[in-house]
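At position 1 of the sequence shown (counting the first as 1) the number is 1 in UniProt numbering, and the numbers step up by one without a gap.
Glycine is no exception: its CB is placed at the ideal position from the N, C-alpha and C atoms.
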Amino acid sequence: MGLKIRLARAGAKKRPYYHIVVADSRSPRDGRFIEKIGSYNPMLPAEHAERVRLQDERVTHWIGQGAVATDRVAKFLGKAGLAPMPVFPEQPKKSAPKKKAQERAAAAAAAAG
1 MGLKIRLARA GAKKRPYYHI VVADSRSPRD GRFIEKIGSY NPMLPAEHAE
51 RVRLQDERVT HWIGQGAVAT DRVAKFLGKA GLAPMPVFPE QPKKSAPKKK
101 AQERAAAAAA AAG
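Here is the structure:
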C-alpha cells in the first residue's frame with residue numbers, strides 16, 4: 001500500500017479549502033483517508049499564519065512510515081522545515097521575447113546609449 005500525503009478539497013464553490021491528509025495512493029482525491037494532519041486555506045494572504053497549518057509530530061511520523069508527499073504538500077513541508085525543500089526544474093518563459101526581438105532591443109539600447 002503506497003501512502004501519500006496530499007490535499008483533499010473541501011469548502012464551497014469558488015471558496016476552496018483543503019485538508020492535508022494521509023491516504024492510500026489508490027483512493028480518490030476527496031475520498032477515504034487515514035488521518036488528517038493539517039489544512040491549507042488559499043483564500044488567506046501568503047504571509048498569514050493560518051494559511052497552512054500542520055501537525056508537525058504526525059507529519060514526521062507518517063514520513064517515517066514511508067508516506068510520500070505530493071509536489072504542493074512537499075513545498076509546504078519544506079517551508080515548515082519538516083522535509084527538505086523540493087527542487088523544481090526551471091519553467092520556460094514563453095512570454096519572453098524571442099531571439100530576434102532581443103537582438104533588436106539590444107541594438108536599440110546600444111544606439112540610444
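Item to check | Length at least 4, wholly inside the stretch 2-75: the alpha helix (DSSP H) runs in chain order | outcome: 56-64, all fully within the stretch 2-75.
Checklist entry - Should I20 and I37 be called a contact, given that it needs their Cβ atoms to be closer than 8 Å? => result Cβ distance < 8 Å, so I20 and I37 count as in contact.
Item to check | Straight-line Cα distance separating P86 from D71 | outcome: The alpha-carbon of D71 is positioned some 8 Å away from that of P86.
Item to check | K79 (DSSP reduced to helix, strand or coil) | outcome: K79: helix per DSSP, three-state reduction.
Checklist entry - Between the stretch 73-82 and the stretch 52-61, do at least 3 Cβ pairs fall closer than 8 Å? => result Contact between the stretch 73-82 and the stretch 52-61 is present: 3 or more CB-CB pairs across the two stretches fall below 8 Å.
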